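Peer 1:
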Amino acid sequence: MSSPESSPYAETKAKAPTEPRKAEWPLWEVFIRGQHGLSHRHVGSLHAPDAEMAIKNARDVYTRRNEGVSIWVVEAIHIAASSPEEKGSLYEPSNDKVYRHPTFFNIPEEVGAM
Amino acid sequence: MSDPLFEFLCRMGDNTLVLGHRVSEWCGVAPVLEEDIALANTALDLIGQTQLWLGLAGEVEGKGRDADKLAFHRDVWDFRNVLLVEQPNGDFGQTMMRQFLFDSWHLAYLKALMSSTNEQVAAIAEKSVKEVTYHLERSTDTVVGLGDGTAESHQRMQNALDRLYPYVGEMFLSDDVDAAMVEQGIAPDPASLREAFDAHLAEVMAEATLSIPTDDFAHKGGKTGVRHTEHLGHMLTQMQWLQRAYPDATW
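Protein chains in written order, with the working numbering: chain X, 1 to 114; chain C, 1 to 251.
1) Using CA coordinates, which residue listed in Asn57(X), Trp25(X), Thr18(X), Ala16(X) is at the minimum distance from phenylalanine 31(X)?
2) In whole angstroms, what is the alpha-carbon distance linking serine 3(X) and methionine 97(C)?
3) Mind listing the chain C neighbours of arginine 64(X)? Cutoff is C-beta to C-beta under 7 Å, in chain order.
4) So that I know if they touch, is there some Cβ in chain X lying closer than 8 Å to that of isoleucine 47(C)?
5) Buried or exposed for tyrosine 99(X), going by 16 or more other Cβ atoms inside 10 Å?
6) Less than 8 Å between the C-beta atoms of proline 166(C) and phenylalanine 197(C), yes or no?
7) If you follow the alpha helix (DSSP H) that phenylalanine 8(C) is part of, which residue opens it and which one closes it?
8) Closer than 9 Å by beta-carbon distance: list the chain X residues that pair up with alanine 38(C), in chain order.
9) With burial defined as no fewer than 16 other Cβ atoms inside 10 Å of the residue's Cβ, what is the status of tryptophan 77(C): buried or exposed?
10) Are leucine 146(C) and glycine 93(C) close, meaning C-beta to C-beta below 8 Å?
11) Using the C-alpha atoms, what's the distance from glutamate 86(X) back to alanine 80(X)?
12) Check distances from the C-beta atoms of the region 64-89 of chain X to those of chain C and list, in chain order, the residues that come in under 9 Å.
13) Quick one: what's got a C-beta closer than 8 Å to valine 74(X)'s C-beta in the same chain, skipping five residues either side?
14) Indicate whether at least one CB of chain C lies closer than 8 Å to the CB of proline 102(X).
15) Go ahead and pull the three-state DSSP assignment for glycine 37(X).
16) Give a yes or no on whether 8 Å exceeds the smallest Cβ distance from leucine 27(X) to chain C.
17) Can you name the start and end residues of the alpha helix (DSSP H) that valine 111(X) belongs to?
18) Using the beta-carbon of each residue, which ones in chain C are nearer than 8 Å to proline 116(X)?
19) For glutamate 170(C), tell me which candidate among Ala108(C), Gln87(C), Lys223(C), Val32(C) has the shortest Cα-Cα distance.
20) Can you check the region 107-136 of chain C for any beta strand (DSSP E) of at least 3 residues that lies completely inside it and give the ranges in chain order?
21) Assuming arginine 33(X) and serine 70(X) make a contact with CB atoms under 8 Å, what is their CB distance in whole Å?
22) Near tryptophan 72(X), which residues of its chain fall below 7 Å by C-beta distance, leaving aside the five closest residues on each side in sequence?
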C-alpha cells in the first residue's frame, strides 16, 4: 500500500468550541404529515446533534417507505407534558357529563354519514 | 478496446456497485442507529443505480449478460470503478470523507449526463441525481460537523482527507473511452468538471477547518482496469462468495 497513513498536517488545530461540547446527542421527537390536508402525527423519536441533522435522520429513519410530505422535529426537552398523577383532576370531571357529547341529536337520513 | 459505450456504462455501474457494497459493510455496526440506517439507505440507492447502469451495459454488449452476471461473474481485472470507491471503510470519518469526495464528483457528472444524447443514459442520470443530491447534502454536513468538531474528530477527518486525496485525481482523468463519449455527445469530459470540484472542495474544507493536501499526485488504474488496489480483490471475495461457491445459484 503506497498511501500515507500519517498526516503531514498533524499540527492543524480545530477551532475552539464556542460552547461546551455535549457528550450525547439530544433526543428529538419526530412528526410527519402523511399527505396534504392531514395534520402532522407523532411517529417516534431519534438522536441528532442539531435540528438540521434531526430532519435528515428523520427522513432516513421514518420516511423510507414513502410515508411523508412534511417533517417536523422538536427537541424532546421542549415538550411540556401533563403528569400521569393528575389524571383524576384533569380528566375525571368530564366523565359524568355525557351531555357534552353530541350524541343526542337525530341526524336526518339525507345528511348521510357524518 | 471493447465498445466504448459498454466500457463507459461499466465504469458508472462499477463505481456505484463497489461503493454501495463498501457502504453496506457498515450495516449493523455504525456508531449510532440513525447513521446505520442512513448508510444502509445510501448503499441501497447506489445498488439500485448499479442495476440500471449494469443492466444497460449488458444490453449494449448483447452477449446475454445481465446486471447480476456482470456484478458477480467478473473478477477484479474486469472492474472499471475508480480506485477511491474501493478503499476500505476505515473509521466512520474516513467512510464519510470518501463518500463526500465521491458524491461531489458523482453529482456534477450525473447533472451533465442528464443532457446526454443517449436517452437511457439521460434517464438513469435524472433518476440518480435526486438520490445523489441527498447523499452529498448528508456527507457534506457530516464532514463539516466532524472536521470542525472535537480535537479528535478534527484529526481523524484530516487523516481521512490525507489518506484519500491521492485518489481524487483519477475521477477527472480523460482517456480514449471518454473521448469517444464526448464525440458522441453521451458524456462530458471528466477533466472539464475539475475546476468546479476544486472550488467546491475548497469551500467545504474551509468550513470543516481541514487543510487540502498540496501534493496533487494521483493514483490511477481503476477506471481503465489496469491496476486496482489490493483492496478490491478482497472485497470481491466477500461480495461474490455465494456465486463463486454455488455458480448460478438462484433464490
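For each residue, glycine too, the CB sits at the ideal point set by N, CA and C. Because the structure is a prediction, the values reported are computed rather than measured.
Peer 2: Taking the definition as stated:
1) Answer by Cα proximity: Asn57(X).
2) Residue confidence is low: serine 3(X) scores 48 on pLDDT, short of 50, so the model does not pin down where it sits. No coordinate-derived value is stated.
3) What arginine 64(X) touches in chain C: Asn41.
4) no
5) exposed
6) no
7) 4-24
8) Lys56, Asn57, Arg59, Asp60, Val61
9) exposed
10) Between leucine 146(C) and glycine 93(C), the gap from beta carbon to beta carbon is short of 8 Å.
11) 14 Å
12) Arg64
13) So the list reads Trp28, Glu29, Phe31, once near-sequence residues are dropped.
14) Output row for proline 102(X): interface = no.
15) coil
16) no
17) Per DSSP, valine 111(X) belongs to no alpha helix (DSSP H) and is neither H nor E.
18) Nothing can be reported for residue 116(X), as the shown portion of chain X is limited to 1 through 114.
19) Lys223(C)
20) none
21) 4 Å
22) Phe31, His40
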